[in-house]
Each structure stands twice: as structure tokens, then as C-alpha cells.
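Chains as they are written, first to last, in the UniProt record's numbering: chain A, 1 to 326; chain B, 1 to 326; chain C, 1 to 323; chain D, 1 to 323. Only one structure is covered here, and it is reproduced in the block below.
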Amino acid sequence: MVYSKDFLLNLYKTMVKIRNFELMAEKLFLEGELLGFIHLYIGEEAIATGVMANLRKDDFITSTHRGHGHMIAKGADVNRMMAELYGRTTGYCKGKGGSMHIADFSIGVLGANGVVGGGLPIAVGAGLGIKMKKADQVVVAFFGDGASNTGAFHESLNFASIYRLPLIFIVENNHYASTASTKETTAIENISDRAVSYGIPGVTIDGNDIIVVYEIAKEMIKRAREGGGPSLIEAKTYRIKGHFVGDPELYRDKKEVEEFWLKEPIKKFEKKLFELKMLNEVEKKKIWENNQKEIKEAAKFAKESPIPSNKEALTDLFVNDSGYDY
Amino acid sequence: MVYSKDFLLNLYKTMVKIRNFELMAEKLFLEGELLGFIHLYIGEEAIATGVMANLRKDDFITSTHRGHGHMIAKGADVNRMMAELYGRTTGYCKGKGGSMHIADFSIGVLGANGVVGGGLPIAVGAGLGIKMKKADQVVVAFFGDGASNTGAFHESLNFASIYRLPLIFIVENNHYASTASTKETTAIENISDRAVSYGIPGVTIDGNDIIVVYEIAKEMIKRAREGGGPSLIEAKTYRIKGHFVGDPELYRDKKEVEEFWLKEPIKKFEKKLFELKMLNEVEKKKIWENNQKEIKEAAKFAKESPIPSNKEALTDLFVNDSGYDY
Amino acid sequence: MREITFAEALGEAISEEMGKNPTIFTYGEDVAKQGGIFGAYKSFSGKFSGRIFDTPISEEVIYGSALGAALVGMRPIAEFHFADFLFTGIQSITLQIEKIRYMTGGQGKLHLLLRGPDGISNSAAAQHSESIETIFMHTPGIKVIIPSTPYDIKGLIKTALREDDPVICFEHKMLYKTKGFVPEKEYLIPFGVADIKKEGNDVTVVTMSRMVHESLKAAEELEHEGISVEVIDLRTLVPWDKNQVIESVKKTGRLVVAHETWKRAGWGAEIASVVQEEAFDYLDAPVIRVGAKNVPMPFASTLQDFVTPNYKDVINAVKKVLR
Amino acid sequence: MREITFAEALGEAISEEMGKNPTIFTYGEDVAKQGGIFGAYKSFSGKFSGRIFDTPISEEVIYGSALGAALVGMRPIAEFHFADFLFTGIQSITLQIEKIRYMTGGQGKLHLLLRGPDGISNSAAAQHSESIETIFMHTPGIKVIIPSTPYDIKGLIKTALREDDPVICFEHKMLYKTKGFVPEKEYLIPFGVADIKKEGNDVTVVTMSRMVHESLKAAEELEHEGISVEVIDLRTLVPWDKNQVIESVKKTGRLVVAHETWKRAGWGAEIASVVQEEAFDYLDAPVIRVGAKNVPMPFASTLQDFVTPNYKDVINAVKKVLR
Ligand SMILES: Cc1ncc(C[n+]2csc(CCOP(=O)(O)OP(=O)(O)O)c2C)c(N)n1
Ligand SMILES: Cc1ncc(C[n+]2csc(CCOP(=O)(O)OP(=O)(O)O)c2C)c(N)n1
Ligand SMILES: [Mg+2]
Ligand SMILES: [Mg+2]
């Protein structure tokens, strides 16, 4: 495939944006600015970016506790994201959700999810809804290797298969589920082999190679959009940072982490872009600096945004709350 | 393999016992003698019988809502079973369980289960316990094709595989889950293919051929007992009777049922025994008559047994119920 | 007015709304071919092609998919087969459906309906007899309706199918075949409005579902003894009609709350607590609760009868508050 | 006496019992390598080789396997990571563990312990902040312990590990690091015996877990105003110590029940209902409940604070019952 420079640089910029957002979130958390749990997507940027480059605005995704990358790649506003991490009224959830519950239904993000596997049944429902409406949208469900051992995974893939729903299941196999290594808790090497159980295509790819991700996602999304039904893509990657910011990481060797820093997706792609002469050091620097500025401004916007007032806690549960006793 | 006449006739007798128990339960239910739900095992007798012929008394099984056959094959007392269907004090559960909850821990029956898939996690736990004890028992988990679409199935097989537990998963694929045909609700033809997801052996067999069942179960049980870990056996069969006694059966063609009556396991085995000259009409008649008598007596025993007194309702929840407010 | 069954009234409500609103569809185990586990969908089987279908036994996805479908603009009705099996997929309700609108700062409308049977029947035993509505009153985020008559279920289900919030409806197994008057003309019943099923002056009985009928039977018997009982059917548990209950207690000075679910930490405790808090000075006697004994449901019918409350328990409770 | 943390006391209890009883083993997500999600197992990591291990994220099997293991003679301790995730495997508890002994007419002993954190922490938001003990009080068949101090958790866990009935233990996240006196010598705390954490004469406050400390703080402040509050820590919710509570209410004539979980249909309603029923004539004021507002837990810390009860709410409630 031949790709335009614009296209490739956009992919690059999105990855950089995710990276900088995450680095800022990490910094702010460690400085005590943010509360709750922050799960960083650092090292996994190619997956969200490569997949989302194939989606329309009116397509849907469900995300996970590690959802910032998915949001940004689907087009979310980093100001409102950062404000949500800060718990401010200008945040995506008016400060009621926090990192693990950011959503933007207007761009098809049906929510991060604090429950491992929790997004899968929702994605199936979105697919079912699309099918009932006879629309041509698709749904992409992101989830982790750990989630692939939950009952929700199994029920969702079977369900999606029998009704041929327009769904793409993307398992981000980052080698760990919290402190547990994937090897230890998952009976097989390649999670995509589980596709056999549902009679759907399953493929394992290098999730750190954005072009590979883009191409496979393209194929499976096209298939789903045309009525071919669901598929399972396993994107192998590595969670370079701790499970959450502050994780003591007692369960793995520092060496292992260092090794994977060498294979991380942004540098990998950069190398390619340099080879293709689509990027040079000057341009690269500019991209990073521009983005860092954007993210810094997002943090500033967030920090300066108002803290929600108490009465905010007693709204939004229902559309119609007459008679409800808060 | 060459089998002794004794051995084969014992298998035959067990199947006949199950059949007659079920026919009696059906009759009693239709006469209004029994309450609750009765799910008949008619047409599936070869599976329980063939598997259990390989088990020791101290091995364990978990069963389903369709559990009478499993109990009988594992050595349960038909008097106490029938008394339980009647809800009498002499029943296995003192009348508190009924058909769907018969258990006899003393012979390793860890319970029928009214929750589809409900027995699977329990079986895993029994396997885990055995492993912790370093004992050489095995656990057999019976469940239906419908259960193979529950989250419990997936979690259980993965769990059993990673700890190499001494478990044999036996899916009784009887073509239906209540009113839903298996084809319609299960994404693949052979449920045993799902073994791939767990890196364990999976095999589909003719569940109406008792010798086939016996041989495959033998192999997998030996494997489990020797530390080889779990396996998945799919025994294809057919639920000749309604889902429960009283089922209007709106969902299938009478013809289909008639067809399967021709393939039912007892007749199939009978034919073989006749060919082998291990059984003749006279002996057959005697076996059936003897057994019918036994079952009739069980029904009589049950019917004449005492009805539980009200205070019975407030016992057995806890071993130590001091302070508990019933 | 014509008399139809509870199941028929339910079927009518769904069928009428499906006829009007193409975004409604309905699914679950044994829904399509059997017409619903207790036959409620029979009347319109074959009518809404593709909009009624059977599913695998995958409760977490059955409930969770209702959420997803609502988020993309559809209005799903998911059946839960037996209330007991809500437990096999309950995270989709308590952690997702109940929370997502709130967590996302009010994004989206969750017009979805979960519905199905609960309660005892003929010796269905411990895993097929539960009533677990209290859990959905305790965990915030879903509206809970529990109709007791054909008239009520038709009006409440129709309202539910026009609501923009998630609703769960519990239908007592022993009610499906009961008959009652239902107008041909369309009507809706708002949530949060209790129905005084019988007026009275001496004691208030607050109840729902099958226990409404037991309470009416008790009231009738007590009438012979000169005791006048007011029977209030809440009809919806979230929200519940606190005002009418308190008004009634101010009149009678005595309250019994009766439900089939376990007495301990059942919703009767909430009603009792609120009433004693807000109408303390009006109460001439403690609030007495009637509920199941705190054990799983036993199989034998004598034991089931012993554990499950009936009109006699209501009578005893009424007499107790009158002492 | 030495001071140790709540987490350490929990670890000691488990480690001591594991040392004595080879049938005990413990497992769950992030249990072995991390030493438990809040570090309770750290003190004995590496000690009981093969008897502490990490599992996949498969809650239905984690809880259900505890049942199976108990039935074959072992004594499992399964950790539930966060109380919220009880919902992803709850059928194994409510439909299996709670019912199997009863359903089978008393066969088998279910010596198993489920345990893990619940409650709020620093803005963990709606899916990581719940307290759902009320569900296990409502559905019969499991004993519920909720210790508030290092002393109590050690004694109660040790008792749990010698019980032949299933037990679930909720440990409030904000308590793990709190310190308290714990004797070196072995002791057990029986179930069903409340602990009067502070004696008083004017008002009784019945509470558990984190709210014990909030209530003590409230009592201290109120003392300055001349109000004498008796703080009763139930310590175990199933069974709960009705006698001590009623005795106290007979003395004070006033009752506040305080818990962190949602007020609506929370266990406070059960306590309030029982007390008004059994000590009606002793009550000088209605029983007032303190609990969380009936919404999912919001993220922003100001909102979390607003929704979650604290000592100020207890003070207000006490003042209310004194009016
Ligand atoms: C149902 C449930 N169980 C447990 C947890 C606690 N938990 C949060 S993230 C996590 C690990 C998830 O692993 P994986 O799915 O591989 O995603 P990753 O964090 O690696 O992106 C666990 C166990 C949870 N959030 N939900
Ligand atoms: C969790 C759960 N969901 C639904 C049901 C209702 N139900 C009882 S049996 C059954 C069908 C089971 O099918 P299968 O597993 O194939 O077993 P079979 O009845 O064919 O032996 C259903 C849906 C149940 N008992 N448990
Ligand atoms: Mg992972
Ligand atoms: Mg079947």
C-alpha cells in the first residue's frame, strides 16, 4: 500500500497526542493534582490510532479502564478529557466520572469502563441496535487480555456471531492484567485462537506496528460494515508503565520493561517515517512541541475550571426524576 | 476392546434404570402427583452411564437441572430420589430441594443445579480442592449445549486449564436449550472445538453409543487422574422428551422426534447386545420387569413417606445458626 | 369493560407500543417461539417479524446489550426468564445500566425495559422462586415497577415504553393467568402513584404484586370482624408514593407492610423506616412487616407455604398492630 | 500491647490460621505477587508455598470454586478484589453458596471465606466505591462480618476460619492503614456480639466499619455539648446483635443507625424496623438513619464527600432525634 504523507503524519500526530496526554496525566497524578485511578496507554498508542483511522464519526466504540488513547483517537477533546481527570464541571462527565468513565456519545464513544469486560455486552447491544436499524455503522470493542478470561467475553462473541453483528473485537494483549502475566492466567498463547469458538475470523498482529494495525482493522471493519459479521483481532503490545500510576510493579523485571521501550510504537513508526523521508528531526520537534503545548493548555484549562457544586451530585441519574428520593 | 458380559449388562441395566425412573417421574407428574419442574433424561442415558462406569465412588460430579440420570449412574438410591421428587422427609434433601437440587455428597454427587452453567464453577473448585489435597480423585462436570454459551463455561475451562485441574467437562449436546435449537444459539457446529480456546483436548462423540462414551471418558479420566489436566467431551445426543414434563413443544417437528426415537441409546445398545448374544428377549424382559418393579416400589416408598413438618423449613441453612433470625 | 388476563394485558401493552414505535424490539430466552416464558407474547407471535427473537443463555449480554441498543437509539425490551437469573448477569444492570448516565454526566437516554417473572409458583424451589426487587431499590439507577392486576400492568408497561429511563418490571408468576377488567381505550399509569385497592380506616396495609391479593383477602376477612383495612398497592417501588402512604397512616395510625420477598432487609424495612421517621407522632403502634422467612425457598409445598407469607400473615399482622 | 494496622491484623489472622490448618488456602486477583489488593497478605508472602495464588479475572469461578473446594474438604479464602466486582460473579454466591446446604437438606459444610475491600477511597468513582453488604443480609445463607478495627478484624477472621458456615468479610479501604492495639496472645471474637465502642446515655448510634470512627468522632464533639452518645459497633451483620441494641435503646430511648452504603433499603432500615417494632414504647423519637445519598458514587472529591455520610451527618442525626 502507498499512503499519503498527510495520512501518515496524521497517524503520527495522534499517537504523539496520546503519548503527551498520558505523560501529563502521569505527571499531574504524581504531583498530587489528580485523584482516583489513572491507567496509562503508553506503549499501546498504535492500536487505538490504527483502528480509529478506519472509523467514521458515527461509528461506535466501547473502551476500558485504560481508555484515554481510545478517546483521543476517536476525536475527543483533550480539554474536556483533562477536565474530567480533574473532576471539573467542564469535563466530559461534569466531574462525575473521572478517568475510568469518560464518554462522549456524540462521537460514538460509549464509555470507558471500570469493570473488566464490562464494555463487551454494551458493544454487542450497540451492534444489535445498528442491525435493527439497518444502518451501516460498526462497533469496535476494545478490551484487554485479562478481559478475555471473563464470562462477558465469551457470551459477547457468541452473541455477536450468531446474529452476524457489525462488531470488531480488539483484544489489546499487553502481557499483563494488573499484576498477573497473561501467560499465567490465559490458557493459550494467542487469544485470537479463541475466534474458533465462535466461527469468526481471528488474527494476531503486532500491535506496535501502526500500519499493520491499520490494515487489519480496515479489512475487518469493511467486512463488518458489509454485513460479514464480527471478527477478533489480537494486537500484541506491552504495557510499558505500571498498571496504574503509582503501581509498585513488584511483579516484573525492570529489564523486561526496558526491552519493550525499544519496541514502542511511536519510535517504531518514526523510524519508518524518517526512512520514507516524510519526517525529519525539525518537523518531529515541531509536532511534539505543538502537541505538548496543546496538552499543557488542556491541563491549564482543566485546573482553572470550576469544581462542581454539591447539587450537581443529585442530577443526571434519570432524565425524569419526579418522585425519586435522592 | 473386549468387554465381559457382566460389564456390558451392567451398563445396560443402568440405562434401563434411568429410563424407567424417568418414565415413572413423567407419569407421576402428569398424574399430578409431583410438583415443580421435572426435566427428563430420556434418550441421553448412554452419556451418564458410560462416563460413570469409569468413576470411583470418591470421584465427584456436578450435574444439571436434567440430573436424574447422572445421580442414578453415580449410584444414588432411587427410593431417596423419588422421595425427593415427592418432597418427602426421606428424600435426598428432606424434601427441601426437589428434582433440580438432588445431591448426595457421600457418593460424590455435588448437586443437580437449577442454574444453567451453575455447576461448572463448583466443579472447578472441587478440582482445585483435590489438587490442593494432592489426591487422585477426578471431577466430571456435566452440562448442556445451552450452558456452553454462558460465561461460566468460559471462565471454568480457562481456570481448569491453567491449573491443570483433574476435570472432565462433558457437554451433553441434545440439540436444544429449552425452546432454542442449538444451531440457532451456538455459533459453531461442534462445541468441542471450543477446547482450542483453553489448550485442552476436545472431542465430539456419538453420545448415544454407550461404548464410544465409555471409551472416550475412560481415556480422558485417566489423563485427568494422572495429572494431565482437563478435557472437553461433547456427547451429541437428542432430548426426546419435552424440555420439562408438560412442555407444549411448539418449537419442533414431531417428525424430528420420531426420527430420533429410532436412534435412542438403549435400543442401539440392545441391538449390539443381541448381536453379541449377551442378551435375548427373555433376559431383556426380565431386566425391564425387575427394574420397573424396583421403580414402582421407589414410587410407593416415596408416596408413603412423611411430609416434612413446618419446623423443617427453619433448619439446615447453617451448621451453627446461633443468633440467626429466621 | 372486557376481562382479560394479566399475561394478555402485558402482551397488549407491548404489542400496541411496538405497533406505534419501530424502535422497540424484544428478546430473551424462549421469547419468540414459545411466546415468552409464561406466554405473554403469544398474542402477537409472528406479528413483528425480526423484532422478537430468542437468545442464547447469556444473561450478562442479554441485559448489557439492552444498554448498548438504547445508546444507539433503539428501545429494547429484554426478558430475564426468571428473576433468579438476574444474578447471572446482574453486573450489566447494577454496574452499567444503573450508573452510565450518571457517570457520564447525563449523556444519553436509557430507554430500555427489563422484564420477567418472579416469585413463587408450584414448588419451583430455591433457584426459581425469588423476588429480588429490593436490590434494585437499594442500588440507585433503575425504576422498578411491580404491577398486581391486568389493568395496572397494561398501563405501567405502556408508560415504561415511553420513559427515557431504564425500567425493570417484575411480574409474579401466579398472576399471569389472573383476570381483570381492562378498558379497550388507551390509558397510561404514571410511575410513583400508588393505587388504593381498598379504602379503610383502622389499619393501612402497604403492599405490591401477589401480596396485594392476599392483603385484599385479609381485609375482607377482617371486615367481618369489624376491622377496616386500607390496602395500598404501591405499583411502582422506585419511585414509591410516599405521600399517599403517609396520608393513609395519618388517617389510620397503624401500618403493616407486606411483601413476598424475604422480610430481612426487604423493601418493607425501607417503607417502615421512612414512615416511622416522617409520621412518628401519628403511629399508634409499631409498623409491622410481613415477609418471607429468611431461608431459601424450600421445595415441598407445605414448606413453601410455611415460608411464604399469605393472607393469614397479613391478618395476624393487622391484629398485632391493633393490640 | 502492640499497635499494628488493620491490614497487618488481617494478615496475622490468616497467617496464623494457615499455619495451623493445612486445608486453608487463599486466592484471587493480585493476591500472591502483590500481597493482596491492599497489601494484607504482604507479611506472609512466600511463606505458604502453593497455598496463595493469583487467578484470572473470572469472578464467577473465583467465588464458585470456593464452594466446590469447601465441599471436598478444603477451607478456601477467596478475595473479591473490590466489593463492586462481587456483581460479576454473584450468582455463585446468592444462588449457590447461600443455598446449597439448605437445598440439599443440610449436606456438607461450607467452610469458606470470601473477603475483600469495599467503600470509598480517594475518588475511585461509581464502579470502585460500593458497599453492598445489605444484599447479603437480604438474601439468606451467608454470614456477614464487617470489622472496624485491627483488634476486631483479627478476632473475627480467626473465628471465620474455624466456622463451618460460609462467611463474607467486608474491609473498608480507608481502614487498612489505620492502627490499633492488638494483643500478641491469641483471641477469637464470636459472631453476633456487638461491641460498645463508647458508652453513653442520651442516644444510641448503631454502626459498622468506617462509620464507627465517624460516629466516635461525632460522639466526641457532642460530648462537648453535653450530649452523651453510646456507639455500638455491630461487627457482624449476619447475625446481628439485636439484644444489645435493644438494651441500649431501652436505656437511651433514641436511636441513630449509620452506614456508608445507600440509605434507601440499606441495612439501617432493617435495624430501624426491628427496633421500632420491638422497642416501640421505649422510643422517644423516630429512629433516624444516616447513609449515602441514593446515587452512584461521583468522582470529584467534593461530590464524593457530599454523597457519603460522615461524622457531621451523625451529629445532625443525633440532634434530630434529640429534638
Ligand atoms: C470485573 C473486574 N474485576 C477486577 C477488576 C480489577 N482490575 C482492574 S484492571 C484489571 C486488569 C485488567 O487487565 P487487562 O484486561 O489485560 O487490561 P490492561 O489493564 O492490561 O489494559 C483488574 C483485575 C475490575 N476492574 N473489574
Ligand atoms: C442461568 C439460567 N438461565 C436460564 C435458565 C432457564 N433454563 C433452564 S434449562 C434451560 C435450557 C438449558 O439448555 P441446555 O444447557 O442445553 O440443557 P438441556 O436442558 O438441553 O439439558 C434454560 C434456558 C436457567 N435455569 N438458568
Ligand atoms: Mg492486559
Ligand atoms: Mg441442550
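Note that beta-carbon positions come from the ideal geometry of N, C-alpha and C, so glycine has one too.
For ligand 2, no non-hydrogen atom lies closer than 6 angstroms to the CB of B:Gly43. By the Cβ test, the segment 157 to 175 of chain A is in contact with the segment 223 to 234 of chain A, since at least three Cβ pairs between them sit closer than 8 angstroms. With contacts defined as CB atoms closer than 7 angstroms, D:Asp152 and D:His111 fail to qualify as a contacting pair.
In this structure the segment 89 to 99 of chain D lies against the segment 63 to 70 of chain D, because at least three pairs of beta carbons, one per stretch, are closer than 8 angstroms. Taken in chain order, the members of the segment 91 to 125 of chain D whose beta-carbon sits within less than 7 angstroms of a beta-carbon on chain B are Gln91, Ser92, Leu95, Gln96, Ile100, Arg101, Tyr102, Met103, Thr104, Gly105, Gly106, Gln107, Gly108, Lys109. Taking 8 angstroms as the upper bound for CB-CB distance, A:Lys13 and A:Ile191 are not in contact here, some 30 angstroms apart. The segment 128 to 142 of chain C makes contact with the segment 260 to 273 of chain C, as at least three CB pairs between them are under 8 angstroms.
The secondary-structure analysis by DSSP pairs C:Trp262 across a beta bridge with C:Ala292. With a threshold of 16 other beta carbon atoms within 10 Å, C:Pro22 falls short and is exposed. With fewer than 16 other Cβ atoms from the protein chains shown falling within 10 Å of its own Cβ, A:Arg56 counts as exposed. A distance below 7 angstroms between beta-carbons, with the five flanking residues on each side excluded, links C:Met137 to the following residues of its chain, in chain order: Val144, Leu237, Val238, Trp267, Glu270. Collapsing the DSSP output to three states places D:Ser248 in a helix. According to DSSP, B:Val203 shares a beta bridge with B:Ile233. Those residues that bring their Cβ nearer than 6 angstroms to a heavy atom of ligand 3 are A:Gly144, A:Asp145, A:Gly146, A:Asn174, A:Tyr176, A:Ala177. Chain C has a Cβ within less than 7 angstroms of the Cβ of D:Gln127. Relative to ligand 2, even the nearest heavy atom lies 6 angstroms or more away from the CB of B:Ile61. Annotated three-state conformation of A:Val140 is strand, per DSSP. Within chain B, the residues placing a beta-carbon under 7 angstroms from that of D:Ser58 are Glu155, Asn158, Phe159, ordered along the chain. Considering only B:Thr89, B:Ile210, B:Ala187, B:Gly67, the residue with the shortest C-alpha distance to B:Val116 is B:Gly67. Ligand 1 has a heavy atom closer than 6 angstroms to the beta-carbon of D:Thr88.
The residue from C:Ala300, C:Phe85, C:Tyr27, C:Asn316 with its alpha-carbon nearest to that of D:Tyr102 is C:Ala300.
A:Met15 has its alpha-carbon roughly 7 angstroms from the corresponding atom of A:Ile266. Residue environment for D:Glu230: buried (at least 16 other C-beta atoms within 10 angstroms of its C-beta). Taking all protein chains shown into account, B:Asn10 has fewer than 16 neighbouring C-beta atoms within 10 Å of its C-beta and is therefore exposed. Look at C:Glu277: its C-beta is under 7 angstroms from a C-beta on chain D. Annotation note: the segment 175 to 227 of chain D contains the following uninterrupted alpha helix (DSSP H) runs of length 4 or greater, listed N- to C-terminal: 210 to 224. Within the segment 208 to 233 of chain B, complete beta strand (DSSP E) segments of at least 3 residues are not found at all. By the Cβ criterion, the segment 277 to 287 of chain D is not in contact with the segment 112 to 125 of chain D, since fewer than three pairs of Cβ atoms, one from each stretch, lie closer than 8 angstroms. Residue state for C:Lys143 is assigned as strand, using DSSP reduced to three classes. With a cutoff of 6 angstroms, B:Arg56 does not count as near ligand 1, since its C-beta is closer than that to no heavy atom of the ligand. Residue side-chain check: D:Phe299 keeps its Cβ at 6 angstroms or more from all non-hydrogen atoms of ligand 1. Look at D:Val287: its C-beta is not under 7 angstroms from any C-beta on chain A. Nearest to C:Gly50 by alpha-carbon distance, out of C:Ser273, C:Ile24, C:Ser43, C:Leu71, is C:Ile24. In this structure, ligand 1 has a non-hydrogen atom nearer than 6 angstroms to the beta-carbon of D:Ile57. By the Cβ criterion, the segment 34 to 52 of chain D is in contact with the segment 7 to 19 of chain D, since at least three pairs of Cβ atoms, one from each stretch, lie closer than 8 angstroms. Inside the segment 41 to 107 of chain B, DSSP marks whole beta strand (DSSP E) runs of 3 or more residues at positions 60 to 62, from first to last along the chain.
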